[in-house]
Structure formats: C-alpha cells, structure tokens
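Plus 28 on top of the position in the sequence shown (first one is 1) and you've got the working numbering.
The beta-carbon is built from N, C-alpha and C at its ideal position, and this holds for glycine as well.
All remarks here apply to the structure that follows.
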Amino acid sequence: MTSVETSGAKKPEVVGFIETLTALIGEDRFTAAGAAMADFAKAHPGLMFFVLEALPAKVSDHLLRKTGAASRFTTYTLRHPTWAMELRRVATAPEDFARQVEAIEAALRGSAVEPAA
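Laid out in structure tokens, this is it:
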C-alpha cells in the first residue's frame, strides 16, 4: 500500500482518497466523485474494497447533514434494504452514481423519485 504526504504525516493512499471522496460528496459533486472512484478503481483495484465499504456512510452522512431528515432516512433504508449495495454497484459509473445519490436525496426531501434498480 502506498502512502501520500499530508500535512507532514504519511497516510495510506486509500485514506487520502477517501478524504478526497468525502470532500467531493460534501460539495454535491457526485459525478466527479463517481469519476474519481472509477479512476481509483483502475489504478488500485485491490484497494477499492475499502472505498466501497466506506461509501454508504459517506453518502448518508452528507445527506443527513444536508437534509436533516433522519427519520425519513431510516424509513428509506427500511423500504430499500439494498440501497448500500446499489450505491456500491454504480460507484464507478459517474452519471449513474450521481443519479442514485440525487434520487436518495429526493426521497429524503419527500419527492417521489426512486433510485435506479
């Protein structure tokens, strides 16, 4: 596992990438996040597992912070028990990833947009 220099301390490259991914998601740059994941998967296929494991938490944290819809998120996850797997499935397809996250956000806001299955 390679490392990157960050603020004078070395971090594993995957940690640095997850921080970058978190920032992109936090800026609502979902297509860019999907493109970054596609590039990372090509360059580091063995590390992509760690990114995909962190992804649902990064997306849900952002959407909960943005919408404040904790009870709607709980309801959403109960009605869509495979949401995290679907999110991981489209992670490296930038437009599909953006549509999936936007559909989840719409559901949390009360709009009746369903994510792609």
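Collapsing the DSSP output to three states places proline 40 in a strand.
Taking the C-beta atoms as reference points, leucine 92 is found nearer than 7 angstroms to alanine 98. In the three-state reduction of the DSSP assignment, leucine 75 falls in the coil class, being assigned neither a helical nor a strand state. Counting along the chain, arginine 100 sits inside the alpha helix (DSSP H) bounded by residues 98 to 107. Alanine 112: member of the alpha helix (DSSP H) spanning 111 to 117, first to last residue.
Contact between the stretch 129 to 139 and the stretch 72 to 85 is not established, with fewer than three Cβ pairs separated by less than 8 angstroms. In the DSSP annotation of this structure, the continuous segment of the alpha helix (DSSP H) that includes aspartate 124 starts and ends at 122 to 137. Burial is judged here by how many other beta carbons sit within 10 angstroms of a residue's own beta carbon; threonine 120 has at least 16 and is buried. Listed in chain order, the non-local C-beta contacts of isoleucine 53 below 8 angstroms within the same chain comprise Ala61, Lys86, Val87, His90, Val129, local neighbours out to five positions each way being set aside.
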